[in-house]
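Engineer: Pasting a structure here, questions to come.
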Amino acid sequence: VVPLLSKPEKLEGFVTDNSESVDTKKIYFDCDGLSLLDQLSDIIKKRYRKIILLVGPEGGFSRDEERLIKDGSFEVCSLTPTILRSVETVAVGLGSVRSLTS
23 VVPLLSKPEK LEGFVTDNSE SVDTKKIYFD CDGLSLLDQL SDIIKKRYRK
73 IILLVGPEGG FSRDEERLIK DGSFEVCSLT PTILRSVETV AVGLGSVRSL
123 TS
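Each residue of the sequence shown is one higher than the one before, starting from 23 at the first, in the working numbering.
Structure, rendered in structure tokens:
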């Protein structure tokens, strides 16, 4: 399974374009979220056609941006109890999800 990396785009457009789909799992990584392990078990059970992983910028999203993400039906998941750098979040998050979909 080769991940598809999208071009950078405005957050509002991205969230709106990917707002509703039954076969899509949408995850936003944040240290204040629920455990990723719970989401991984859901991914195993339901076999989603598409999985979207959203990683924030260094320094995080603003409160308005976080509200936009949650309103877009992204599930907030924590990878670790501490804040990771964006590049680390991509590696750990993508690696975790990819290990289940291979």
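Cβ atoms here follow ideal geometry from the backbone N, Cα and C, with glycine treated the same way.
Computed from a predicted model, the values in this text were never measured in an experiment.
#1: By the three-class DSSP mapping on this structure, what secondary structure does I105 have?
#2: Tell me the DSSP secondary structure of G55 in three-state form.
#3: Measure the CB-CB distance between L33 and V98 and report whether it falls below 8 Å.
#4: Report the rounded CA-to-CA distance for S118 versus D39, giving the unit in angstroms.
#5: Rounded to whole angstroms, what is the Cα-Cα separation between I65 and R107?
#6: Helix, strand or coil, according to DSSP, for K92 in the structure here?
#7: Is it buried or exposed for L58, if we count other Cβ within 10 angstroms and need 16 for buried?
Structural biologist: This is what the structure gives:
#1: coil
#2: strand
#3: A distance of 8 Å or more separates the beta carbons of L33 and V98.
#4: 25 Å
#5: 25 Å
#6: helix
#7: Under this definition L58 is a buried residue.
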